[in-house]
Amino acid sequence: MYLMNCTRSDIAYAVGRLSRYTQSLNQDHWTTIRRVLKYLRGAINYGLCFSGFPSVLEGFSDANWISDLDEMKSTSGYVFILGGSAVFWKSTRQTCITRYTMEAEFIALEKTSYEVEWLRNLLADIPLWMRPVPSVSML
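Using the numbering used here, the letters of the sequence shown correspond one by one to residues 4 to 142.
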């Protein structure tokens, strides 16, 4: 969990899914855990690299409609990129049941909007930040 939360956004989804079964692990879960560890061993030299990219905050959000068939809940996720590297990310199960894909996407976008406002304010408060923080735009 520490790796996922602090340094490795690339394993966030897999670890989040596995953490739902901590009380009732079976052989398939252990196989998946070994697979994640094997991936980490192979990607040990990967890291954040801030170079050459403009220092613009970019955010992306997405939702997976009813990804959990046991509880019929969707999964939301977002990532924020600064200088070409991911600096903030989250993948979580939605707290409500949605009827449509678009509804799940709007809930994911709402959660993302809270974080983007906080990050914009943080960047605006940094005295060394050279570029003005752009307004939020939806594409």
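Ideal Cβ positions, reconstructed from N, Cα and C, are used throughout, including at glycine.
- Here I84 is bridged, per DSSP, to E61, A89.
- Taking a C-beta distance under 8 Å as the contact criterion, I14 and L60 do not qualify as a contact pair.
- Contact check between the stretch 60-80 and the stretch 101-114: three or more CB pairs, one atom from each, fall below 8 Å, which counts as touching.
- Look at S27 here: in three-state DSSP terms it is coil, with no helix or strand label.
- Taking F91 as the centre and dropping the five residues before and after it, the same chain places the C-beta of F83 closer than 6 Å to its C-beta, in chain order.
- A direct Cα-to-Cα measurement between W121 and K114 gives close to 12 Å.
- With a contact defined as Cβ atoms closer than 8 Å, S58 and G86 qualify at about 5 Å.
- Sequence-distant Cβ neighbours of A111 in its own chain, meaning closer than 6 Å and more than five residues away, are S64, A66, S79.
- For the pair K41 and I47, the Cα-to-Cα distance works out to about 10 Å.
- With a threshold of 16 other beta carbon atoms within 10 Å, S27 falls short and is exposed.
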